[in-house]
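Heads up, the thing below is written out as structure tokens.
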């Protein structure tokens, strides 16, 4: 149950001329948090009072960026931490624009977002649309038919540099909520997701780990094991550099 200050909200509604609910979703490393911050900065320029809410259990960048919400490249912004959105309704009542980062982790994100939008506020939610198994994340997707606008971002596939719409987990953990960065996840396209999903955990660990530490594909590309075949250059007119590393073909990003 959300207690909304309707008098304040209607004042904001008349000022804004509209209320709106926007969902920004996509795989890991697609720029969801960056886009969330950009949109709220835009509203702040117009003198809106904005509130950003982050998931309290996400502590990935606290040592470098403090307690605010942060992007993978360490751009940060002040935010209020919570594990349930209902606990900060009193703060949201005093704002006209509300941004929610990592929305998939909040169990009450659908009810909260709908209540705030109905009260005349602008709500922007950034979230993963699917798990590493490409299934829905909690009840978050129930928010899609309730939103005025939905934006799906893509990342760059960390295997072939194509368009990446999915998230691949590194390692053998099976729990759905496992917070991490590039040490635990990679953005992948459909074909690369299929190839890695067919591999068993043992071969995946052998292909993706450097010693006992999981490394990124870029780390593997530049530090190939000695038993791999030497670097071969394709002399075709396209001048693409093709490298066979761990059974995955990488195209030189600079020549694409």
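Numbering (this note's numbering), first residue to last: 2 to 257.
Every residue, glycine too, gets a C-beta built ideally from N, C-alpha and C.
These numbers were taken from a predicted model, which means no experiment stands behind them.
Sort out for me which residues DSSP pairs residue 272 with in a bridge.
One cannot answer for residue 272 here, as it falls past the ends of the chain, which runs 2 to 257.
Considering only the beta carbon of each residue, do residue 57 and residue 83 sit closer than 7 angstroms?
Inclusion of residue 57 and residue 83 in the CB contact set at 7 angstroms is warranted, their separation being smaller than that value.
Can you tell me whether DSSP reads residue 261 as helix, strand or coil?
Nothing in the structure corresponds to residue 261, since the chain is present only between 2 and 257.
Per DSSP, the bridge partner or partners of residue 100:
In the DSSP assignment, residue 100 is bridged to 53 and 125.
So, helix, strand or coil for residue 153, using DSSP?
It is a strand residue.
So residue 25 is in the beta strand (DSSP E); what residue range does that whole segment cover?
The continuous beta strand (DSSP E) containing residue 25 extends over residues 21-27.
Is it true that the CB of residue 114 sits closer than 7 angstroms to the CB of residue 49?
Contact: no.
Residue span of the alpha helix (DSSP H) that contains residue 117, given as start and end
Note, residue 117: alpha helix (DSSP H), 110-119.
At the level of alpha carbons, what is the spacing between residue 150 and residue 161?
Spanning the alpha carbons of residue 150 and residue 161 requires a straight line of approximately 31 angstroms.
Going by DSSP in three states, residue 31 sits in which element: helix, strand or coil?
The DSSP-derived three-state label of residue 31 is coil.
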